[in-house]
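Protein chains in written order, with this note's numbering: chain A, 16 to 124; chain P, 132 to 246.
Just so it is clear, CB atoms sit at the ideal spot from N, CA and C, and this is done for glycine as well.
Inspection log for the structure reproduced underneath, given as structure tokens.
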Amino acid sequence: GDQVEQSPSALSLHEGTGSALRCNFTTTMRAVQWFQQNSRGSLINLFYLASGTKENGRLKSTFNSKESYSTLHIRDAQLEDSGTYFCAARKGGNYKYVFGAGTRLKVIA
Amino acid sequence: NSKVIQTPRYLVKGQGQKAKMRCIPEKGHPVVFWYQQNKNNEFKFLINFQNQEVLQQIDMTEKRFSAECPSNSPCSLEIQSSEAGDSALYLCASSPPGQGGSDYTFGSGTRLLVI
């Protein structure tokens, strides 16, 4: 079936540093969404992309449908960025999302 | 605060009992999805609706769950006979219609514990 390969599975960052998360797709996807799941389990929508790049504060995401990948860049990491980040991708509007396995991010002082 | 409202936040049931959870989608979103997230953080798609009609569902949902999205009432997902393996976070999401798609909005989830 359609798969989303997310990496890394876990990441530790010192405050003020940055890194990138990546999702590779085994089939052509039309859209990707990135979420942060907090300790209570709530999924917070970070980005929705059908193509290109979006930026919001210290976060930036890119989706390349042709090359079947998406990235989420975090810069100047803060303690509150800790949590699990998921990408999810789908083929069309009413199609189900396929989720990556998540990246557990820990930001340390 | 999410625009998708899920209740209850927590649910504890004994094995064999029914477990029912509800979801009010974001206003203007006719497409509703239910996912199960297990303790390993894996998401499993369960079922989706457009308005009151089921679009897709997996075998497990068809055999063991009852789900509906009536007009002017919350959507609901009910496990007919709970099993220990059903313990999970159940997430509801809604989105606008159309092939172009738009972003999902997720609710905060119902955390089910089957003892």
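> According to the neighbour-count rule (16 or more other Cβ atoms, all chains shown, within 10 Å of its Cβ), is residue 149 of chain P buried or exposed?
Replying inline: exposed
>> Please give me, in chain order, every unbroken run of the alpha helix (DSSP H) with length at least 4 that falls completely inside the stretch 170 to 239 of chain P.
In response: Taken in chain order, the complete alpha helix (DSSP H) segments of 4 or more residues contained in the stretch 170 to 239 of chain P are 190 to 195.
> In terms of DSSP beta bridges, what is residue 95 of chain A paired with?
Replying inline: Looking at the DSSP assignment, residue 95 of chain A forms no beta bridge with any residue, so it has no partner.
>> Beta-carbon within less than 6 Å of residue 231 of chain P's beta-carbon, same chain only, minus the 5 sequence neighbours each way: which residues are those?
In response: Low local confidence applies: a pLDDT of 47 at residue 231 of chain P is under 50, so the model's placement there is unreliable, and no value is given.
> Of the residues A/82, A/31, A/86 and A/75, which one's Cα is nearest the Cα of residue 93 of chain A?
Replying inline: Nearest C-alpha to residue 93 of chain A: A/31.
> Which residues in the same chain as residue 145 of chain P place their Cβ atom closer than 8 Å to its Cβ, once the five residues preceding and following it in sequence are excluded?
Replying inline: Only residues of its own chain outside the window of five on either side were considered, and among them 213, 245 and 246 have a CB closer than 8 Å to the CB of residue 145 of chain P, listed in chain order.
> If you draw a straight line from the alpha carbon of residue 199 of chain P to that of residue 183 of chain P, how long is it in whole angstroms?
Replying inline: 7 Å
> Which term fits residue 219 of chain P, buried or exposed, when burial requires 16 or more other beta carbons within 10 angstroms of its beta carbon?
Replying inline: buried
>> For residue 47 of chain A and residue 64 of chain A, I'd like the C-alpha separation in whole angstroms.
In response: CA-CA distance, residue 47 of chain A to residue 64 of chain A, rounds to 5 Å.
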